[in-house]
Amino acid sequence: MDNLSHASFGDAQGAVPRESRVQEYLSILLRGKWIILASFVLVTATATFITLKTKPTYESSSLVLIDMKGHPGQIPLFDFGYNPMFNKITNELEILKSRSLAEAVADDLLKQQQAAGSLAPITPILQVMVDDVPQNRVTSRAQITGRLLGSVTFVPIRDSDIITITARSNDPKEAALIANTYTRVYSERNLKASRTRSRAVREFLQDQLNIRKAALDSTEAALQEYMKRSGIVSLDGESNKVVQQLSALEASRDALEVELRSRAKTLDSYREEIAKQEPSVAKTLGESSDAYIKMLQEKLAALEVQRDIVIAQNPNLVGQSIYAEKLREIDSQIAALKKNLQKKTQEFLSSIGPGEIGIGSATFISQIKQKVVEQQIELEGLEARKRALSTVIQQYERQFNQIPERSIELAKLQRARLSNEKLYLLVEEKFNEASITEKSEFGYVHIVDPAIVPGSPVSPNVRKNIMLGAIVGLALGIGIVLLRSYLDVRVRTPEDLKRFGYITLSAINRMDDELKRIADNSNGRGEREVLEFDKHLVTFFNPLSPLSEAFRRLRTNVMYAQLDAPLKSILVTSPSPSEGKSTTICNLAVTFAQAEKRVLLVDADMRRPTLHDMFHRAKNPGITDILVGTATFEEAVHRGVTDNLDVLCCGTTPPNPAEQLGSQRMQEFIKHMCEQYDLVLFDSPPLLAVTDAAVLSTAVDGAIFVVAAGETRVTAIHRASEFFATVGGKVLGCVLNKFDVRKAYGGYYASDNYSYYGYGLSDYLSSGNGSSEKKKRHAS
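One gets our numbering by counting positions in the sequence shown from 1 and adding 1 to each.
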C-alpha cells in the first residue's frame with residue numbers, strides 16, 4: 002500500500018533503522034516460538050524415528066593396484082594384443098562395472114554356496130526375497146548379479162593407480178565377502194587374460210620350433226646319406242666359405258619372414274581392437290604411409306645388410322682394425338639413419354593419430370591408432386630389409402652356382418642344414434623366453450589391501466541424522482514463522498501501525514484479567530452495585546488500573562490532537578465488527594467525565610445498539626426518536642449516569658439508519674449538543690460493514706478508528722481510511738485494542754476464546770429489530 006494515501010493519519014515512515022529491524026525479527030520469532038518449537042520437536046523426532054528404524058548399512062573396501070608400468074611386456078618380436086601400458090584406469094573402471102564381471106562374481110558366490118554343503122543361503126545376497134521378506138532358499142544368478150551391480154562401487158584414488166572396491170550391505174560379513182570376491186575374481190580374470198596372450202606367443206613359437214626341427218632333421222639326414230653315397234665329406238675352403246655366408250644370410254631372411262608374420266598378426270590384433278570402437282578408421286589406418294619414411298627404411302635396410310655381409314665374410318677378422326673401422330663407419334651411418342627415421346616417424350604419428358596422454362577411452366583409442374601406424378612402419382622396414390637380403394642372396398647364389406659340379410650337391414645340403422640349424426636355434430631361444438614369460442606372468446592387477454569385516458555401520462549415523470533433523474526442524478520452524486509473518490498482514494503492535502503511517506493514540510490491553518478481578522471484587526459490594534454497569538467499564542470500577550491509565554492516555558492524545566480549535570464532537574468506529582469500539586468509547590467517555598468535562602455519549606449504532614446494555618439503561622426513547630420528532634431531548638437523555646456524563650441511547654431501530662444519520666436534523670442536533678456539552682461522543686457501526694460511520698463523519702470534528710491487535714488486517718484500515726478520505730472525513734488516529742504485550746513481543750500467552758463483539762457483518766446488513774433476549778455485549 003502507498004502510505005501517501007493515508008496522510009491524514011500521519012507522515013509515512015522513512016527507512017527503518019537496522020536496530021529496529023533486528024528487534025522486529027526477534028519479536029516475530031518470539032511470537033512464533035511455539036511453532037518453531039513444534040517444528041523442531043516434530044522434525045527431530047521424525048528423523049530420530051526413521052534413523053532408529055533404518056537397517057544399519059556396513060561398508061567394506063579393498064584396494065587394487067593397476068601396475069601398468071611394472072607389467073612385464075611381451076618380447077618385441079612377438080607383441081600380440083594391446084600393451085597394458087596403454088590401458089588407462091578409466092578402462093579398468095569400466096571392466097569392474099561391467100555386467101560380465103558381476104556375473105562371474107555371482108558364479109563364484111554360488112560355488113561357495115555349493116562348497117558349504119548347506120541348503121540355506123550362506124549370505125543374505127543369495128536369499129530369495131518375497132515382499133521384502135527373506136526366504137530360506139537360494140535365488141537365481143540373474144538376481145544376484147542385479148544386487149551386486151547395485152551394491153558395489155569403484156572409485157580411483159586421486160593421483161595414483163589404485164582403485165577402491167567398496168561393497169555395501171546390511172550384514173558386515175557379507176560386505177567383506179562381496180568386496181573380497183570381486184577383488185579376487187577381477188584379479189584372476191586379469192591374470193587369465195594376460196597368460197592367454199603369453200600362451201598364444203608360446204604356442205606360435207612352439208609350432209615354428211617343431212617345423213624348423215623337422216626341417217633340420219630332414220636336411221641332416223639327407224646330408225649324411227649323400228656323404229655315404231658319394232664319399233665326399235667336405236668342401237674346399239672357398240666353397241665352404243660361400244656356403245657359410247649364404248646359409249647365414251638365408252637364416253637371417255627366414256628369421257625376418259617369421260618376424261614379418263608375427264608383426265602381421267600383431268597388427269591384425271590392433272586393427273581388430275580399433276575396429277570395435279571406430280570401424281571406419283581401420284581401413285584408413287591400414288592405408289597410411291609416408292614416402293620419405295619408406296626411403297629411409299630402404300637405406301637403413303641396405304646398411305644393415307651390408308654390415309651383416311661384412312661380418313659374414315670375415316667372422317674371424319672382426320676384431321682387426323681394418324674391419325673394426327669399416328663396421329664403425331657402417332654403425333655410424335645406421336645410427337644417423339635411425340635417429341632421422343625416429344624423428345620422421347613421430348612427426349607422421351602426430352599427423353595420423355594425435356591425442357594427448359590422459360584418462361579415458363578416447364585417449365586409449367588414439368594410442369591404439371598410433372600403435373597401428375608404428376606396426377605398419379615396422380613391417381615396411383622389415384620388408385625393405387628382406388628385399389635387401391634377397392638381393393644379396395641372389396648375388397651369393399651366383400657364387401654358389403660356380404662351385405664345381407662334383408661338390409654342388411654337397412654344398413646345397415650343407416647350405417640347407419646350416420640355414421635350418423641357425424633358424425632353429427633362433428626360434429628355440431625365443432620359445433624359451435616365451436615359456437618363461439608365460440610362467441612368470443602375474444597380470445597387472447595387484448591386491449594391495451583385502452577387505453575386512455567392518456566393526457560399525459556407515460549409515461545411518463544416528464548422531465549426525467538427529468543433529469541434521471534438529472537443524473532442519475529449527476530452520477523449518479523459523480522459515481514458517483517468517484513466511485507466516487510476511488503473509489500475515491494483521492496489525493499486532495503499535496510499531497505495525499506506525500510502519501504503515503498511522504498514528505496510534507493508545508494501546509489498550511486485553512481485559513480478561515481485569516474483568517475477572519472486577520467480578521471477584523463485586524461479590525462483596527452487594528447485589529445492586531454488581532448490576533449497576535457492565536463490568537467492561539473498567540475506568541469506572543477500577544480507575545487506578547493499568548487499563549484505566551491506557552484510556553486516560555487516549556483521552557490526553559485526543560485532547561491535544563487539534564490545538565487550533567478544541568474538538569467538540571468525535572466519532573468512534575472500527576473497520577470491522579468485534580474490534581471493541583463500543584467498550585472503547587464508553588470507557589473514553591468515563592475518563593473525560595472524570596476530568597470534569599461535560600460529556601454526552603450518543604449511541605449512533607442504529608443497527609446493533611449496545612450502550613443501553615453497557616450502562617443498564619432503557620433503550621427507548623433515544624436519538625432516533627428525537628430525529629423523527631416523537632420525543633424530545635429531555636425525554637430521551639439519561640442524565641447523570643456518572644458525574645458529568647449523560648447517555649443518549651439509540652431508541653427505536655429505524656429502517657433507514659444511513660439517511661437518519663446524514664439528515665439535516667442530525668447536523669442541527671450535533672451543533673446544538675456541542676453548544677451544551679464540552680464533548681459529544683458518537684458510537685457508530687463498523688465502517689466496512691455499512692456506510693453509516695462515513696455519512697456521520699462529515700458532521701463531526703474527527704473520528705477515531707478502533708483496531709484489534711492480531712485481528713484487524715492492514716488492508717481493512719487502508720480501505721476504511723480511503724472511505725473517510727472520499728467523503729472528506731477527518732481521522733484523528735487509531736486505538737490498538739486487545740493488545741497483549743506478552744503475545745505481541747514473544748511472552749507467554751494463554752489462548753482466550755472470549756468474544757467481545759457479538760455480531761458480524763450480516764448483523765449490519767440487516768435492518769430489522771433485534772430481540773432484547775439475543776443482545777450480545779461488546780467486547781474490548
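Ideal Cβ placement from N, Cα and C applies to all residues, glycine included.
Could you name the residues that DSSP lists as bridge partners for residue i?
i: Arg169; result: Glu60
i: Ser460; result: Thr58
i: Cys735; result: Thr505, Phe706
i: Val1; result: Residue 1 is absent from the structure shown; the chain starts at 2 and stops at 781.
i: His447; result: Leu66
i: Phe155; result: Ile166
i: Gln128; result: Val139
i: Leu601; result: Asp647, Val681
i: Asn621; result: Answer is none; Asn621 lacks a bridge partner.
i: Arg213; result: In DSSP, Arg213 forms no bridge with anything.
i: Val134; result: Val131
i: Arg493; result: For Arg493, which the question treats as bridged, DSSP gives no partner whatsoever.
i: Arg714; result: Arg491
Run through DSSP, which three-state label would residue i get?
i: Ala721; result: helix
i: Thr643; result: strand
i: Phe616; result: coil
i: Asp741; result: coil
i: Phe534; result: coil
i: Glu379; result: helix
i: Arg609; result: coil
i: Arg511; result: coil
i: Ser579; result: coil
i: Ser28; result: helix
i: Ile145; result: helix
i: Thr52; result: helix
i: Ala566; result: coil
For residue i, which of the options has the nearest alpha-carbon?
i: Ile166; options: Glu60, Ala121, Pro125, Leu38; result: Glu60
i: Leu178; options: Ile448, Ile123, Ala605; result: Ile123
i: Val454; options: Phe593, Ile36, Thr58, Arg213; result: Thr58
i: Arg100; options: Val129, Ser152, Met615; result: Ser152
i: Arg159; options: Arg553, Val139, Val134, Thr91; result: Thr91
i: Ile335; options: Gln307, Lys345, Ala325; result: Gln307
i: Leu488; options: Phe534, Thr716, Lys344; result: Thr716
i: Val23; options: Lys731, Leu483, Asn588, Leu662; result: Leu483
i: Ile671; options: Val728, Ala256, Leu568, Phe725; result: Leu568
i: Gln396; options: Leu250, Gly470, Val259; result: Leu250
i: Gly175; options: Leu110, Lys499, Met130; result: Checking the sequence shown, residue 175 turns out to be Glu, not Gly. Closest option to Glu175, Cα to Cα, is Leu110.
i: Asn137; options: Ile126, Ala121, Leu150; result: Ala121
i: Ala709; options: Gln668, Met228, Thr505; result: Thr505
i: Ala385; options: Val446, Ala325, Phe501, Leu261; result: Leu261
i: Leu733; options: Tyr503, Thr631, Phe534, Leu127; result: Tyr503
i: Glu550; options: Asp535, Gln128, Ala596; result: Ala596
i: Arg196; options: Lys34, Ile437, Gln114, Gly118; result: Ile437
i: Leu149; options: Leu127, Asp565, Asp162; result: Leu127
i: Leu328; options: Leu338, Ile310, Asn191; result: Ile310
i: Leu30; options: Ser486, Met615, Ser722; result: Ser486
Beta carbon of residue i, beta carbon of residue j: below 9 Å?
i: Val492; j: Met512; result: no
i: Pro686; j: Pro656; result: no
i: Thr654; j: Pro622; result: no
i: Leu602; j: Ala619; result: no
i: Ala302; j: Arg388; result: yes
i: Leu217; j: Glu422; result: yes
i: Thr574; j: Ile509; result: no
i: Val736; j: Ser579; result: no
i: Tyr425; j: Arg213; result: yes
i: Leu689; j: Arg640; result: no
i: Val244; j: Gln415; result: yes
i: Gly703; j: Leu516; result: no
i: Thr633; j: Gln661; result: no
i: Phe401; j: Leu247; result: yes
i: Thr643; j: Phe542; result: no
Do residue i and the ligand GTP come close, with the Cβ less than 8 Å from some heavy atom?
i: Phe432; result: Summarising the ligand content, the structure contains no ligands, and the ligand GTP is consequently not present.
key: Validate contact between the region 55-70 and the region 180-187 using beta carbons, cut 8 Å, 3 pairs   = yes
ask   = Are three or more beta carbon pairs between the region 693-700 and the region 447-464 nearer than 8 Å?
value = no
inquiry  = Contact between the region 697-707 and the region 472-491 is defined here as three or more beta-carbon pairs at a separation below 8 Å; is this criterion met?
reply    = no
Segment contact, 8 Å Cβ cut-off, at least three pairs: the region 667-681 with the region 534-550 = no
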